[in-house]
Amino acid sequence: MMADDDSVKEEEEEEEAAAAPQRDSNGADEKIVSSSGGGTAAENQTLSKRQKKKLLRQQKWEEERDLRKQLRKEKRQQRRQQRQNQEEEKEHGGDAQSARKRLRRDVTPSSLRLVVDCGFDSLMLMKDVRKLHKQIQRCYAENRRAVHPVQFYLTSLGGQLKQSMDEKDKGWVNWKDIHIKTEHYSEVVAKEDLVYLTSDSPNVLEELDHNKAYVIGGLVDHNHHKGITFEKAKELGIHHAQLPLSSFVKMNSRKVLAVNHVFEIILAYMEKGSWQEAFFTVLPQRKGAVAVETGTIAQEKQDNNSDSDPDPDSPEQTEKRT
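The following block contains the structure:
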């Protein structure tokens, strides 16, 4: 702090010297008769106009000395206050950052893998690809703030979907905590670890195995490609299952959910440990979800993050079956 004050004083001394009456062109001080110096009237009359102006400036300089001193003092105080404010802001900012880090440390990442299979690009129109893109954005956002974030994979990325991401969301290349692959999921994960989630499967998923990789089909199909994910799973000879939706929920519509809904249901189950609570936390009200046990209409959780909601009117059209 003392070093800063010294530098301020040095600057002020330089300003004082710069503003002081200047020497003449010969380098010597001009002889100026001060009004308080007792000069005679004859001497004053011999002064040139230039010398008289110098004299007036000298007098004004002397008269304003105290004022300049006061201004310098105020300037020093202002600088001290600014430094203090900056130090406080830095300290408080550091506290906030530490708090965020502490909060982030409370998160417990899961070893469970969730894979969005983007290999249906050629079966969709660009408008549907853009809906899928928004659903993937939602998955990414939800996983980033989840209590137990999963190992998130995008596989077979390319074609129209990559084009949409490049055009609408150039920041996707900087996404964190996500594995983005151009390869097929069977080339990224061992076959014995794969479980394709499809509502056409006769197998019901009762518990999550954290050693497995659960595949969600990234297809907005408008019912044009029913059963395609189930057939894909059988062709590849990998495990398949459906979420236990029918055990807990009665639906007014088909049991086909949006990619982000499947993703969020699994995140909610990992946090709450209850399928029913997970379903009713995530499912939108328009689905007409009713609890099987009580027959009461489930309360929809209000979605406060509409920016990342892919398409409010078409989640049921996504071919990833739960």
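Quick note: the sequence shown, position 51, residue 51 per the UniProt record's numbering, numbers continuous.
For every residue, glycine included, the Cβ atom is placed at its ideal position computed from N, Cα and C.
Note that the structure is predicted; figures quoted are calculated from it, not measured.
- In the three-state reduction of the DSSP assignment, ASP200 falls in the coil class.
- In the structure shown, HIS133 falls within a helical segment according to DSSP collapsed to helix, strand and coil.
- Here the C-alpha atom of ASN143 lies approximately 36 Å from the C-alpha atom of GLN86.
- Pairing HIS240 with THR108, the inter-Cα distance amounts to about 27 Å.
- No residue range can be given for ARG145, since it is assigned to no beta strand (DSSP E) and is classified by DSSP as neither H nor E.
- Only residues of its own chain outside the window of five on either side were considered, and among them LEU114, VAL195 and LEU197 have a CB closer than 6 Å to the CB of TYR214, listed in chain order.
- Linking ASP177 to PHE263 through their CA atoms gives a straight-line distance of about 15 Å.
- GLY217 is not a Cβ neighbour of PHE280, given a cutoff of 8 Å.
- When only Cα atoms are considered, LYS75 and ARG83 end up about 12 Å apart.
- Using a 10 angstroms sphere on the CB of MET124, the tally of other CB atoms reaches 16 or more, which defines it as buried.
- Counted as a single uninterrupted DSSP element, the alpha helix (DSSP H) harbouring HIS261 occupies residues 259-272.
- When only Cα atoms are considered, TYR269 and GLU277 end up about 8 Å apart.
- A straight-line Cα-Cα distance of about 25 Å links ASP117 and MET251.
- Ranked by Cα distance from VAL173, the first of GLU183, PHE248 and LEU157 is LEU157.
- Inside the stretch 149-225, DSSP marks whole alpha helix (DSSP H) runs of 4 or more residues at positions 159-168 and 185-188, from first to last along the chain.
- Rounded to whole angstroms, the Cβ separation of ASP200 and PHE230 is 4 Å, and the two are in contact under 8 Å.
- Nearest C-alpha to HIS224 among VAL282, ASP128 and ASP193: ASP128.
- TRP175 has its alpha-carbon roughly 11 Å from the corresponding atom of PHE152.
- Residue environment analysis places ALA190 among the exposed positions, since fewer than 16 neighbouring C-beta atoms fall within 10 angstroms of its C-beta.
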